[in-house]
Amino acid sequence: MTHDSTPITQERPRQRPPLRSWDLQVVDSFDVEPNMRRVVLTADDIGDLTYKPGQALVLMIPGPGGETGRRDYTIRSMDRAAGTISIDFVLHGDTPAPTWARRAKPGDRLEARGPRGGTVLRPDADWHLLTGDETCIPAIAHILETIPAGAKAFVFIEVDDGNGEIDLKTEADALVRWVHRNGAPAGPSELMNGMITEFALLSGKGHAYIIGETSNVRRQRHTLVARGLTREQISSEGYWRPGRIGGHDHVDD
Ligand SMILES: Cc1cc2nc3c(=O)[nH]c(=O)nc-3n(C[C@H](O)[C@H](O)[C@H](O)COP(=O)(O)OP(=O)(O)OC[C@H]3O[C@@H](n4cnc5c(N)ncnc54)[C@H](O)[C@@H]3O)c2cc1C
Numbered sequence: 004m005t006h007d008s009t010p011i012t013q014e015r016p017r018q019r020p021p022l023r024s025w026d027l028q029v030v031d032s033f034d035v036e037p038n039m040r041r042v043v044l045t046a047d048d049i050g051d052l053t054y055k056p057g058q059a060l061v062l063m064i065p066g067p068g069g070e071t072g073r074r075d076y077t078i079r080s081m082d083r084a085a086g087t088i089s090i091d092f093v094l095h096g097d098t099p100a101p102t103w104a105r106r107a108k109p110g111d112r113l114e115a116r117g118p119r120g121g122t123v124l125r126p127d128a129d130w131h132l133l134t135g136d137e138t139c140i141p142a143i144a145h146i147l148e149t150i151p152a153g154a155k156a157f158v159f160i161e162v163d164d165g166n167g168e169i170d171l172k173t174e175a176d177a178l179v180r181w182v183h184r185n186g187a188p189a190g191p192s193e194l195m196n197g198m199i200t201e202f203a204l205l206s207g208k209g210h211a212y213i214i215g216e217t218s219n220v221r222r223q224r225h226t227l228v229a230r231g232l233t234r235e236q237i238s239s240e241g242y243w244r245p246g247r248i249g250g251h252d253h254v255d256d
């Protein structure tokens, strides 16, 4: 018999199993729309990859000085027959990840770890509210593709203008609203919070998936909590924020 001598007052550190490592190789790359580049990748053991739509990989992206930096990117799709996954990169600037994606050519290698992330479908929810900016299109699109037919979904996506919109495929009973910044820079704003404030909450137990720029995510989360959603009804994560390099922000306050 093992004896656990941990004092009951002491909080144990949250232990997560280490993320699995993948030696990815580029198969193809092309623009999905003018501001979004898709890179198709494979690995010898890609058939072992299991994940939930909305989850991401941590990519080891080369930087300008030859150093490697971690960047989280959603698995946009997986083609099990072809043995490939796709990742969509928003071309937001000359930073390491979009720079790598623009130059990616067949045969290039990329180390990745994962999958990770908890912003995944809660199938037992009565309705679903998904919001995000263009960095969240891969997650939202993949969740919508796999959501059960007839599920009630409300989708608000912030993009610069109509060029950033893509055709979303879903069998859900989905209401999709594209929200345009019309030239204003991506980042902290009241745009999505305004949508959430005006959103007519339905009866039943819904679930909100709130992702994107961290301060916008936090604002929307606070609005939903003030409107009566419990914290358990909201999955939220900050995907990026001005001045942050890679990583992600937990937004659970
Ligand atoms: C779980 C998760 C999944 C994600 N999935 C995707 C995905 O599928 N596709 C995708 O494109 N992004 C995704 N992101 C966001 C992406 O990881 C960040 O935008 C990341 O910072 C990009 O790396 P970078 O090398 O371009 O910029 P970094 O070197 O990390 O950042 C440099 C600076 O660029 C600015 N910046 C970073 N991202 C943006 C942006 N999107 N718009 C405007 N300015 C920005 C900030 O000021 C930042 O300080 C995801 C993030 C998380 C946490």
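When we follow this note's numbering, the leftmost residue of the sequence shown carries the number 4, and every step to the right adds one.
For every residue, glycine included, the Cβ atom is placed at its ideal position computed from N, Cα and C.
If you're wondering where the values come from, they're calculated on a predicted model, not measured in any experiment.
Notebook entry, point to check: DSSP on R247, reduced to helix/strand/coil?
Noted result: coil
Checklist line | DSSP state of Q28 mapped onto helix, strand, coil | finding: strand
Next item on the list: Flag this pair as yes or no: are the beta carbons of V29 and A107 separated by less than 7 Å?
Entry: yes
Item checked: Supposed contact pair R180 and V162 - C-beta distance, whole angstroms, cut 8 Å -> So it is not a contact: roughly 11 Å between Cβ atoms.
Checklist line | Proximity test, Y76 beta-carbon vs ligand 1 heavy atom, cut-off 6 Å | finding: yes
Checklist line | G207 versus I90 - alpha carbon distance | finding: 34 Å
Note to self: When you measure from the CB of R247 to every non-hydrogen atom of ligand 1, does any distance come out below 6 Å?
What the structure shows: yes
Notebook entry, point to check: Fully enclosed by the segment 46 to 79, which alpha helix (DSSP H) runs are 4 residues long or longer?
Noted result: none
Notebook entry, point to check: Do V43 and T98 have their CB atoms nearer than 7 Å?
Noted result: no
Item checked: Between the CA atoms of G250 and H6 - distance to the nearest angstrom -> Because H6 carries a pLDDT of 39, less than 50, the predicted location of this residue cannot be relied on, and no value is offered for it.
Notebook entry, point to check: At what residue ranges does the segment 213 to 247 contain a whole run of the alpha helix (DSSP H), taking only runs of 4 or more?
Noted result: 217 to 229
Check: Is P37 helix, strand or coil when you go by DSSP?
Finding: coil
Next item on the list: In the DSSP assignment, find the unbroken beta strand (DSSP E) run with E161 in it and report its ends.
Entry: 155 to 162
Check: If you count every other CB in all the chains shown that lies within 10 Å of the CB of D255, and 16 or more means buried, which is it?
Finding: exposed
Next item on the list: Ignore the nearest five residues each way along the sequence and tell me which others in N166's own chain have a CB closer than 8 Å to its CB.
Entry: E36, P37, N38
Check: Do G57 and I146 have their C-beta atoms closer together than 7 Å?
Finding: yes
Margin query: Extract the residue ranges of the alpha helix (DSSP H) inside the segment 124 to 212, only unbroken runs of 4 or more that lie entirely within it.
Written below: 140 to 149, 194 to 201
Next item on the list: Give the DSSP bridge partners of T87, in chain order.
Entry: D82
Check: Touching or not, the segment 46 to 53 and the segment 124 to 135, by the rule of three or more beta carbon pairs under 8 Å?
Finding: no
Item checked: Cutoff 8 Å; reference R79; Cβ partners in own chain excluding five residues on either side -> R41, I88, S89, I90, D91, P141, A144, H145
Note to self: Going by DSSP in three states, R116 sits in which element: helix, strand or coil?
What the structure shows: strand
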